[in-house]
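For the sequence shown, the numbering used here assigns the number 4 to the initial residue and increments by one for each residue that follows.
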Amino acid sequence: MKEKTYKLSVFRFDPLFDTKQSFKSFNVPRSEAKTVLDALLYIRDHFDGTLAFRASCNQGRCGSCAMHINGEYGLACETPLHPGKTTIRPLAQLPIIKDLMVDMERFWEKYESIKPYLVRHSGEARQSFTNRKEMDSMIDCILCGACFSACMMTGLNPEFHGPAAYVTLNRFLRDERDAIHDQRMELVTGENGVFRCHSMYNCNDACPKNVKPSENILEIKKNIG
Ligand code: SF4
Ligand code: FES
4 MKEKTYKLSV FRFDPLFDTK QSFKSFNVPR SEAKTVLDAL LYIRDHFDGT
54 LAFRASCNQG RCGSCAMHIN GEYGLACETP LHPGKTTIRP LAQLPIIKDL
104 MVDMERFWEK YESIKPYLVR HSGEARQSFT NRKEMDSMID CILCGACFSA
154 CMMTGLNPEF HGPAAYVTLN RFLRDERDAI HDQRMELVTG ENGVFRCHSM
204 YNCNDACPKN VKPSENILEI KKNIG
């Protein structure tokens, strides 16, 4: 009996050699794969060793396997395969290095620009349990970049910090130990700050960890007044 397979259509493009982007079809034995990442690993190991993609933990923790799967953003390692065709594209808004691998530099640059770390006053800085608890959902961000890719504004305005950066910024704005609250507020009220966000909620839909970047952006806007 012929073995049942999952059908995958995978985006292919090597900017160094290809003149146009394309999709390549693969059939992966159902016994060999449960998730999209399993299938990509199988394809790379059995059909095409040149297929490029990122993945590391295989546990939904590192954020490196975010991609566009059947019209939605998701983590390849957490997205189950289904009997229909699965179409896989790279994250949008970021330059393609090869196939499903994108250049995340702009994402990291914007993230770094909001000072994603605690700046403490001198001496001991204690955080209350209640204050720490307020940050639970923000700390769940795994920096996968899906929200950045789904955001219309990051595409239109290269200076816009992007949803993930604002989640972390809001985390430190809320942190009672932080010593540069005013400096952080200046960052977000600028020309390319939070008010560039039109609240389209694409970031919320894209987030595989239910971090809700839109709500964080709205909260920052409200606090500005
Ligand atoms: S907010 Fe969600 S989608 Fe955006 S980087 Fe964090 S985990 Fe990924
Ligand atoms: S491989 Fe780490 S989140 Fe998917």
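For each residue, glycine too, the CB sits at the ideal point set by N, CA and C.
The structure displayed is predicted, hence computed values, not measured ones.
Closest Cα partner of Gln130 within the set Glu179, Tyr114, Gly148: Numbered from its first residue, the sequence shown carries residue 130 at position 127. Nearest C-alpha to Gln130: Glu179.
Proximity to Arg33 [Cα-Cα], best of Leu43, Gln24, Ser25: Stepping through the sequence shown from its first residue, residue 33 is reached at position 30. When only C-alpha atoms are compared, the closest one is Leu43.
Alpha-carbon spacing of Asn236 relative to Arg109, whole angstroms: Here the chain comprises residues numbered 4 to 228, so residue 236 is not present and cannot be evaluated.
Rounded separation between Asp139 and Cys210 - CA only: Looking up residue 139 in the sequence shown gives position 136. Looking up residue 210 in the sequence shown gives position 207. Asp139 and Cys210 have their C-alpha atoms some 15 Å from each other.
Cβ shell of Ile123 (< 7 Å), same chain only, five flanking positions each side left out: Working through the sequence shown from its first residue, we reach residue 123 at position 120. Reading the sequence as shown, one finds Arg at residue 123 and not Ile. These residues qualify, in order along the chain: Arg180, Ala182.
Helix, strand or coil at Val197 according to DSSP, with G and I counted as helix: Position 194 of the sequence shown, counted from the first residue, corresponds to residue 197. Three-state DSSP puts Val197 in a helix.
Sub-9 Å separation of Asp17 and Lys136 beta-carbons: Your numbering for residue 17 matches position 14 in the sequence shown. Your numbering for residue 136 matches position 133 in the sequence shown. Result no, Cβ atoms of Asp17 and Lys136 do not sit closer than 9 Å.
Inter-stretch contact at 8 Å, needing at least 3 Cβ pairs: the segment 144-160 / the segment 195-206: Contact holds: three or more Cβ-Cβ distances are below 8 Å.
Val170 - containing alpha helix (DSSP H), residue span: The count along the sequence shown starts at 1 and reaches residue 170 at position 167. 166-177 is the extent of the alpha helix (DSSP H) around Val170.
Nearest-angstrom Cβ-Cβ length linking Cys144 and Val170, presumed shorter than 8 Å: For the purposes of this step, residue 144 is identified with residue 141 of the sequence shown, where counting begins at 1. For the purposes of this step, residue 170 is identified with residue 167 of the sequence shown, where counting begins at 1. By a beta-carbon distance limit of 8 Å, Cys144 contacts Val170. Their separation comes to about 5 Å.
Rounded Cβ spacing between Leu94 and Ala149 (contact assumed at less than 8 Å): On the sequence shown, residue 94 is found 91 positions in, with the first residue counted as 1. On the sequence shown, residue 149 is found 146 positions in, with the first residue counted as 1. Their Cβ separation, rounded to whole angstroms, is 7 Å, which keeps Leu94 and Ala149 in contact under 8 Å.
Residue burial classification, Pro98 (beta-carbon count within 10 angstroms, cutoff 16): As a first step, residue 98 must be located in the sequence shown, where it is residue number 95. Pro98 should be labelled exposed.
For Pro216, the first and last residue of its enclosing alpha helix (DSSP H): On the sequence shown, residue 216 is found 213 positions in, with the first residue counted as 1. Unbroken alpha helix (DSSP H) run through Pro216: 216-227.
Cβ-based burial, Tyr120 [other Cβ within 10 Å; buried from 16]: Your numbering for residue 120 matches position 117 in the sequence shown. Residue burial is scored here from C-beta neighbours: Tyr120 has fewer than 16 other C-beta atoms within 10 angstroms and is therefore classed as exposed.
Proximity of Tyr114 and Leu146 at Cβ, strictly below 9 Å: Working through the sequence shown from its first residue, we reach residue 114 at position 111. Working through the sequence shown from its first residue, we reach residue 146 at position 143. In contact: Tyr114 and Leu146 (Cβ atoms closer than 9 Å).
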